[in-house]
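Before any comments, here is the structure.
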Amino acid sequence: MEKRVVVTGLGVITPIGNNVETFWQGIKINKCGIDKITEFNTEKFKVKLAGEVKDYKPEEYFDKRICKRLDKFSQFAIIASKEAMKDSGINSENTDMKRAGVIISSGIGGLGTIEKENNNFFEKGPDRVSPMYIPMSICNMAAGNVAIELGTKGESVSIVTACASGTHSIGEAYRIIKHGYEDVIFAGGTEASITPTGIAGFTNIKALSQSEDPNRASIPFDKERNGFVMGEGAGILVLEELEHAKNRNAKIYAEIVGYGATSDSYHITSPSLDGDGAARAMLRAMECNNIKPEDITYVNAHGTSTHLNDVCETKAIKIAFGGASNKLMISSTKGNTGHLLGAAGGVEAVVCVKAIEDDFVPPTINYRVPDEECNLDIVPNKGRNVKVNYAMSNSLGFGGHNSSIIFKKYKY
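Using the working numbering, the letters of the sequence shown correspond one by one to residues 764 to 1175.
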C-alpha cells in the first residue's frame, strides 16, 4: 500500500536570509538579495552582480579544521540540513536512523575547490594539489557529509540534473518514502558557484544578466529581462512517512502529493520551444493523485529571467493547465534570490510550503514592463493573502531536465 508523505522540517541559507524565518520574512517584504560580487575582483568581468549569502562566516558554524575540509556547497548543505533536523525534531530516539536517508544534490559541486586546486597544480606543480581536492569537490559530497553529520544510515544519493537537481531530489525522496523504502529523507539542493570560472562560463554562453542595477538584473517575466543572476545557498526539506510523523507528534507543514519528471530531448541549454517537456512534467505531477488543474492555487515558476525560459515556461503552463491557467497565480522568487542552480528547487520548495502554511502567495518582484508573451498572472510586485490549498514548484535544467512537485495543505 502506498504511504502518504508529509513535510516536517525546513532549513535554508540564502541571499536574503540564513535561516527559514529570516528568509521567509524577506520574501514577504520583497527583499532583493542581489548586489555587487564580493567573492572576487570583477574588474575584468562583464557581470558584476550575484546573489551571495550575506554575512557568512563559516567559523560560526564549523571549527577551523572542518572548514578546511568542506567546500562551501557542502557547508551550506550541512547548515540547512541541521536547521531542518532541529525544526523536525527527528533524532535517534524517535527514528530508526537506518531508515532515514539523504538526497541532496548540487548542479556543479565544489567549483571553488576545483579552481583553487587547479591553480595550485599549474602554479606549483602536482605535488601541491591537496589530498582533499577530490573529496571536497565531487557533487555527492553534500549528501555524504550531511549523512555523516546527522547520523542517517539509509539511502544517501546525489541527483545531478543541473538547475532541476533540487526538485528531482525532493521528488525522488517522495517516491522512496511513498513506496515504503525509507521513513524519513532529508531532501533538497545546495550550490556555491559564484566563482571566477562559474561567472565567466555562464557569461560566455550569454546566460547571465550584465545589468549593474540590482533591481533590474533578475526580473522574471519582465519584457526587459536579459539573463539570470547567479545565486548561492541551500534549501532542505524533511520528508516523512505520515504515520511515522504522527507517532512522534511531529508538526506537519504540508503533504507532498505529486511529482513529475520528463526530458525535452531537444538541446543542451535551450528548453523545448513549444513548452512540451515542462508541460508533461506538470501533468505527470498532477496525475499522481488525480489533482485537477483548477485545484492548484499557486505555481512557483522556474522563472529564470532569461528570454527563452520565461516564454517557454509560460507556454508550458498554458498547455498543462488549459483554461485554468487564467486563474492561476504564478511567481518567480528568483527576483529575490537570483538563480541558485542546483539549490533553486530546494529553496523554492520551502517557499511553496510556507505559502501553504501562511496562506500567502509571494510576488514576482521588480516587475515593470509587461511581456505579451508572458501574459499569465505573475503576481507582480505585491504578495497576496489568499488561501493556498495546493502549490506547485517547477525546475528546468540544462540538458532538457524537467521536474515538478506539488504540495497540499495537510488534512488529517
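Glycine included, each C-beta is placed from N, C-alpha and C at the ideal position.
Exercise. With distances taken Cα to Cα, identify the nearest neighbour of A1107 among V810, I968, A1118 and H931.
Key: On the sequence shown, position 344 is the one that residue 1107 refers to. Of the listed residues, the one whose Cα sits closest to A1107 is H931.
Exercise. Have a look at A1079, G1066, L1046 and E1018 and flag the residue whose alpha-carbon is nearest the alpha-carbon of D1037.
Key: Against the sequence shown, residue 1037 aligns to sequence position 274. Comparing Cα-Cα distances from D1037 to each of A1079, G1066, L1046 and E1018, the minimum goes to A1079.
Practice problem: For my contact list, F984 and T1127 are in at a C-beta cut-off of 8 angstroms; report their separation, rounded to the angstrom. | Solution: Start at 1 with the first residue of the sequence shown, and residue 984 comes out as number 221. Start at 1 with the first residue of the sequence shown, and residue 1127 comes out as number 364. With 8 angstroms as the limit, F984 and T1127 qualify as a contact, their Cβ atoms being about 6 angstroms apart.
Quiz prompt | Cut-off 7 angstroms between Cβ atoms - residues of its own chain near E880, not counting five sequence neighbours on either side | solution = Taking the sequence shown and counting its residues from 1, one reaches residue 880 at position 117. Only V892, S893 and Y896 meet the Cβ criterion.
Quiz item: Which residues in the same chain as I901 place their Cβ atom closer than 8 angstroms to its Cβ, once the five residues preceding and following it in sequence are excluded?
Solution: For the purposes of this step, residue 901 is taken as the residue at position 138 of the sequence shown. Cβ neighbours of I901 beyond the five flanking positions: G872 and G873.
Quiz item: Is the number of C-beta pairs between the region 1152-1168 and the region 1106-1120 that are closer than 8 angstroms three or more?
Solution: Flag = yes, the region 1152-1168 and the region 1106-1120 touch.
Quiz item: For the putative contact between A927 and H1164, defined by C-beta atoms under 8 angstroms, what is the C-beta separation to the nearest angstrom?
Solution: Here residue 927 refers to the residue found at position 164 of the sequence shown. Here residue 1164 refers to the residue found at position 401 of the sequence shown. Going by Cβ atoms, the distance from A927 to H1164 rounds to 4 angstroms, so yes, they are a contact pair.
Exercise. Mind checking which residues open and close the beta strand (DSSP E) that includes G1160?
Key: The count along the sequence shown starts at 1 and reaches residue 1160 at position 397. First-last of the beta strand (DSSP E) with G1160: Y1153 to G1160.
Exercise. Measure the Cβ-Cβ separation of K986 and K916 and say whether it is below 8 angstroms.
Key: Position 223 of the sequence shown holds residue 986. Position 153 of the sequence shown holds residue 916. At a Cβ-Cβ threshold of 8 angstroms, K986 and K916 do not count as neighbours.
Quiz item: So, do the region 1042-1053 and the region 1015-1028 have three or more beta carbon pairs nearer to each other than 8 angstroms?
Solution: yes
Self-check item: Simplified DSSP assignment, three categories, for K969
Solution: Locating residue 969 in the sequence shown gives position 206, where the first residue counts as 1. Three-state DSSP puts K969 in coil, outside helix and strand.
Quiz item: Going straight from the alpha carbon of I1141 to that of H1102, what length do you get?
Solution: Position 378 of the sequence shown, counted from the start, is the residue given in the question as residue 1141. Position 339 of the sequence shown, counted from the start, is the residue given in the question as residue 1102. For I1141 and H1102, the distance between alpha carbons rounds to 17 angstroms.
Practice problem: Evaluate the contact criterion for the region 955-971 versus the region 1129-1137: three or more CB pairs, one atom per stretch, below 8 angstroms. | Solution: no
Quiz item: Apart from the five residues on each side of it in sequence, which residues of its chain come closer than 6 angstroms, Cβ to Cβ, to K1081?
Solution: As a working mapping, residue 1081 is identified with position 318 in the sequence shown. Hits under 6 angstroms: S1088.
Self-check item: Where Y937 falls: helix, strand or coil (DSSP)
Solution: Along the sequence shown, read from residue 1 onward, the residue named residue 937 stands at position 174. Y937 falls in the helix class under three-state DSSP.
Quiz item: Which ranges would you report for the alpha helix (DSSP H) in the region 1031-1119 if only whole runs of at least 4 residues count?
Solution: 1039-1050, 1070-1084 and 1097-1100
Quiz item: Measuring CB to CB, does C795 end up less than 8 angstroms from N1099?
Solution: Taking the first residue of the sequence shown as 1, we reach residue 795 at position 32. Taking the first residue of the sequence shown as 1, we reach residue 1099 at position 336. In this structure, N1099 lies closer than 8 angstroms to C795 by Cβ.
Self-check item: 8 angstroms CB neighbourhood of V992 in its chain, flanking five on each side removed
Solution: For this step, residue 992 is matched to residue 229 along the sequence shown. I797, L812, A813, G814, L971, S972, A980, S981, S1068, K1097, G1101 and H1102.
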